[in-house]
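Participant: Residue numbers (this note's numbering): 31 to 262.
Don't be surprised by glycine CBs; every beta carbon is placed ideally from N, CA and C.
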Ligand SMILES: Cc1cc2nc3c(=O)[nH]c(=O)nc-3n(C[C@H](O)[C@H](O)[C@H](O)COP(=O)(O)O)c2cc1C
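1. Quickly, what does DSSP pair residue 146 with across the bridge? List them, please.
2. Whose C-alpha, out of 236, 136, 122, 158, is nearest the C-alpha of residue 214?
3. CA-CA distance, residue 76 and residue 117?
4. Pull up the DSSP beta-bridge partners for residue 257, would you.
5. Spell out a yes or no on whether the segment 104-112 and the segment 240-253 are touching, meaning 3 or more CB-CB pairs, one atom from each, closer than 8 Å.
6. Would you list the residues sitting across from residue 94 in a DSSP beta bridge?
7. Are residue 188 and residue 125 close, meaning C-beta to C-beta below 8 Å?
8. Tell me whether the segment 191-202 and the segment 126-137 touch, counting them as touching only if at least three CB pairs, one residue from each stretch, are closer than 8 Å.
9. Look at the alpha carbon of residue 166 and the alpha carbon of residue 256, and state the distance between them as a whole number of angstroms.
10. Going by C-alpha to C-alpha distance, which of 207, 209, 230, 208 sits closest to residue 218?
11. Do residue 233 and ligand 1 come close, with the Cβ less than 7 Å from some heavy atom?
12. For residue 252, list the residues DSSP reports as bridge partners.
13. With DSSP as the reference, identify every bridge partner of residue 89, one or two as the case may be.
14. Pick from 209, 182, 225: whose alpha carbon is nearest that of residue 190?
15. Since residue 112 and residue 152 should fall inside the 8 Å C-beta cutoff, what is the C-beta to C-beta distance between them, to a whole number of angstroms?
16. May I ask whether a heavy atom of ligand 2 can be found less than 7 Å away from the beta carbon of residue 205?
17. By the three-class DSSP mapping on this structure, what secondary structure does residue 157 have?
18. Classify residue 67 as helix, strand or coil using the three-state DSSP reduction.
19. Is it buried or exposed for residue 66, if we count other Cβ within 10 angstroms and need 16 for buried?
20. Please tell me whether residue 181 and residue 259 are closer than 8 Å, where the distance is taken between their beta carbons.
21. Starting from residue 203, trace the alpha helix (DSSP H) in both directions and tell me its first and last residue.
22. Please classify residue 141: is it buried, with 16 or more other beta-carbons within 10 angstroms of its beta-carbon, or exposed?
23. Is residue 221 buried or exposed, if buried means 16 or more other CB atoms sit within 10 Å of its CB?
Structure (structure tokens):
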């Protein structure tokens with residue numbers, strides 16, 4: 031009993047000064063690089079009717095070397111997975127409202143947004159920076175060298191955590207997740223037309239190489255890569 035008490039006092043003697051030391055460390059010392067970018071509010075009206083966007087949608091693989099604005103990036107991400115209703119309902123439908131998709135943006139040339147890799151957080155309509163620097167060339171190499179991936183001003187990547195859906199729907203849930211990635215991608219296509227931007231769905235890539243760029247955990251799979259840029 032006494033020995034046990036002595037041990038506790040001894041441990042407290044070591045741990046308490048350590049605790050005090052952590053208080054004088056500069057704030058952010060132990061945080062991972064997690065710059066947060068609040069995105070501008072998306073616009074909910076447009077002069078481009080949905081019929082015109084549907085008629086004009088085309089896969090575009092060549093872009094001008096001009097930056098996208100932060101508002102355009104905001105609008106494209108909102109189109110992919112933005113929150114639009116109660117209970118976190120989104121722009122794209124989701125089986126059982128389980129939302130298995132994650133959305134990233136690789137920024138190479140955008141105004142007021144530094145080069146890097148960001149994760150989109152639909153709930154707060156914000157970006158979390160997860161890696162520094164222009165990763166478009168690396169992503170293009172992982173996409174079997176497709177040039178469009180390198181030349182997009184930004185590249186939107188849609189991935190999925192299948193388990194969020196398969197835990198309810200079993201193996202059939204995988205089918206649902208693929209449908210959802212298609213819905214989100216089509217939203218990006220149509221939003222791009224409305225903004226007079228070009229994009230293309232890229233499905234040919236090396237999964238493992240892409241996962242490395244985004245530090246995706248084992249259970250998350252990349253499904254869609256969409257470079258976006260100004261039409262030439
Ligand atoms: C699932 C899927 C994967 C695709 N993968 C690629 C790709 O890796 N590279 C590419 O340049 N286009 C890719 N595309 C775009 C198609 O080539 C394109 O949609 C098709 O040529 C029809 O042209 P449109 O989209 O202009 O109507 C893909 C499209 C889909 C739906």
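Facilitator: With the structure as the only source:
1. BP columns for residue 146 point to 137, 162.
2. 122
3. 26 Å
4. In the DSSP secondary-structure assignment, residue 257 is bridged to 185.
5. Taking one beta carbon from each stretch, the segment 104-112 and the segment 240-253 have fewer than 3 pairs nearer than 8 Å; the two do not touch.
6. None; residue 94 has no bridge partner.
7. no
8. Touching, yes.
9. 11 Å
10. 230
11. yes
12. 189
13. 229
14. Taking only the C-alpha atoms, the option nearest residue 190 is 209.
15. 6 Å
16. By its list of ligands, the structure shown excludes ligand 2, since it contains just ligand 1.
17. strand
18. strand
19. exposed
20. yes
21. 202-224
22. exposed
23. buried
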